[in-house]
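Written below as C-alpha cells is the structure these notes are about.
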Amino acid sequence: MAKPDVTGSTIPRHGKPEAGGGDDKCRLTKADRLRIERFLSFAGNSSVAYSQLILDILHQKLRVAVAIEGAAPSDIATFGSYISCVVDEKDIECGILSFGLVTRAGEIPIHSLLGATLIGMSAGQSTILLSEDCTTRSLVVTQVEVPFAV
Numbered sequence: 006m007a008k009p010d011v012t013g014s015t016i017p018r019h020g021k022p023e024a025g026g027g028d029d030k031c032r033l034t035k036a037d038r039l040r041i042e043r044f045l046s047f048a049g050n051s052s053v054a055y056s057q058l059i060l061d062i063l064h065q066k067l068r069v070a071v072a073i074e075g076a077a078p079s080d081i082a083t084f085g086s087y088i089s090c091v092v093d094e095k096d097i098e099c100g101i102l103s104f105g106l107v108t109r110a111g112e113i114p115i116h117s118l119l120g121a122t123l124i125g126m127s128a129g130q131s132t133i134l135l136s137e138d139c140t141t142r143s144l145v146v147t148q149v150e151v152p153f154a155v
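Residue 124 in this note's numbering is what sits at position 119 of the sequence shown, and the numbering runs on without skipping anything.
The following block contains the structure:
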C-alpha cells in the first residue's frame with residue numbers, strides 16, 4: 006500500500022508544479038482526495054469506458070489542489086455538498102455532488118464532466134466547463150451547502 010504524501014495523496018506526482026502554477030482555486034479534503042483516487046483506480050481497472058477527459062480533469066485536480074486540513078469550509082464543493090451553478094449564463098444545474106457510480110436523480114456524479122469540474126471549487130468561483138466535443142462553456146458556482154442529515 007502506497008504511503009500518502011503531505012497532501013494525503015497516494016498517487017505519485019509527475020513533476021513539481023511550477024512556481025505560481027498551482028491552482029489555488031481548487032481545494033480538496035483528504036477524504037475527497039481519497040475518494041477521487043479510489044474512483045481513478047476503479048476506472049483504470051474497470052470494463053466501463055470512462056471518459057479520458059474526466060479522468061484527466063480528476064488527475065489534474067489531485068496534482069494541483071490545495072489540501073484542506075480538518076473540516077472543509079462550508080463554501081467548498083465536497084462530496085455530499087448541495088451545489089447550484091450556472092452554465093453559459095443561462096442553464097441552472099443543481100444537485101448533490103456524489104461519488105456513486107450509479108447516477109440518481111438530484112445528483113451530480115464525479116464521473117460526469119460537471120461533477121469532475123465542480124469538486125474542490127467554491128461558491129462564487131467561475132471556470133471553463135469542457136465538453137467531449139472540444140467545445141467550452143462558462144461555469145459559475147452560485148451556491149454550495151452541506152445537505153441536511155437524514
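Backbone N, C-alpha and C define an ideal beta-carbon position, used for all residues, glycine too. Please read these numbers as outputs of a predicted model, since none were measured by experiment.
Using a Cβ-Cβ cutoff of less than 7 Å, which residues in the same chain neighbour TYR55 once the five nearest sequence positions on both sides are dropped?
The residue you call residue 55 lines up with position 50 of the sequence shown. Hits under 7 Å: ALA48, HIS116.
Can you tell me where the beta strand (DSSP E) holding GLU98 begins and where it ends?
Numbered from its first residue, the sequence shown carries residue 98 at position 93. Per DSSP, GLU98 is one residue of the beta strand (DSSP E) stretching across 96-103.
Going by CA-CA distance only, name the one from LEU118, VAL92, GLY129, THR141 that's closest to LEU102.
Position 97 of the sequence shown, counting from 1, holds the residue named residue 102. That would be LEU118, whose Cα lies nearest to the Cα of LEU102.
What would DSSP say about SER143, mapped onto helix, strand or coil?
In the sequence shown, the residue the question calls residue 143 occupies position 138. Looking at SER143 - three-state DSSP - the assignment turns out to be strand.
Candidates ASP138, ARG142, GLU150: which alpha carbon is nearest GLN57's?
As a working note, residue 57 is residue 52 in the sequence shown. If we check each option's Cα against that of GLN57, ASP138 comes out closest.
Cβ-heavy atom distance between LEU134 and the ligand GTP below 8 Å?
You won't find the ligand GTP in this model; it holds no ligand whatsoever.
With DSSP as the reference, label LEU119 as helix, strand or coil.
By 1-based counting over the sequence shown, the position of residue 119 is 114. Looking at LEU119 - three-state DSSP - the assignment turns out to be helix.
Are the beta-carbon atoms belonging to VAL149 and SER86 less than 9 Å from one another?
Translated into the one-based positions of the sequence shown, residue 149 becomes position 144. Translated into the one-based positions of the sequence shown, residue 86 becomes position 81. Yes, they are a contact pair.
Which whole runs of the alpha helix (DSSP H) in the region 48-100 are 4 residues long or more, in chain order?
Qualifying alpha helix (DSSP H) stretches, in chain order: 57-69.
Run the CB neighbour count on ASP37, radius 10 Å, all protein chains shown included, and call it buried at 16 or more, exposed below.
For the purposes of this step, residue 37 is taken as the residue at position 32 of the sequence shown. Burial call: buried.
Which value, in whole angstroms, describes the spacing of the CA atoms of VAL71 and SER136?
Locating residue 71 in the sequence shown gives position 66, where the first residue counts as 1. Locating residue 136 in the sequence shown gives position 131, where the first residue counts as 1. Cα to Cα, the separation comes out at about 25 Å.
Enumerate in chain order the residues of its own chain whose CB-to-CB distance from LEU134 is below 8 Å, with the five nearest sequence positions on each side excluded.
Here residue 134 is taken as the residue at index 129 of the sequence shown, counted from 1. Closer than 8 Å at the Cβ level, and outside the excluded window around LEU134, lie VAL92, LEU118, LEU119, THR122, THR141, ARG142, SER143, LEU144.
Tell me the rounded alpha-carbon separation between ASP28 and VAL69.
If you number the sequence shown from 1, residue 28 lands on position 23. If you number the sequence shown from 1, residue 69 lands on position 64. Confidence at ASP28 is low in this model, with a pLDDT of 44, below 50, so the placement of that residue is unreliable and no value is reported for it.
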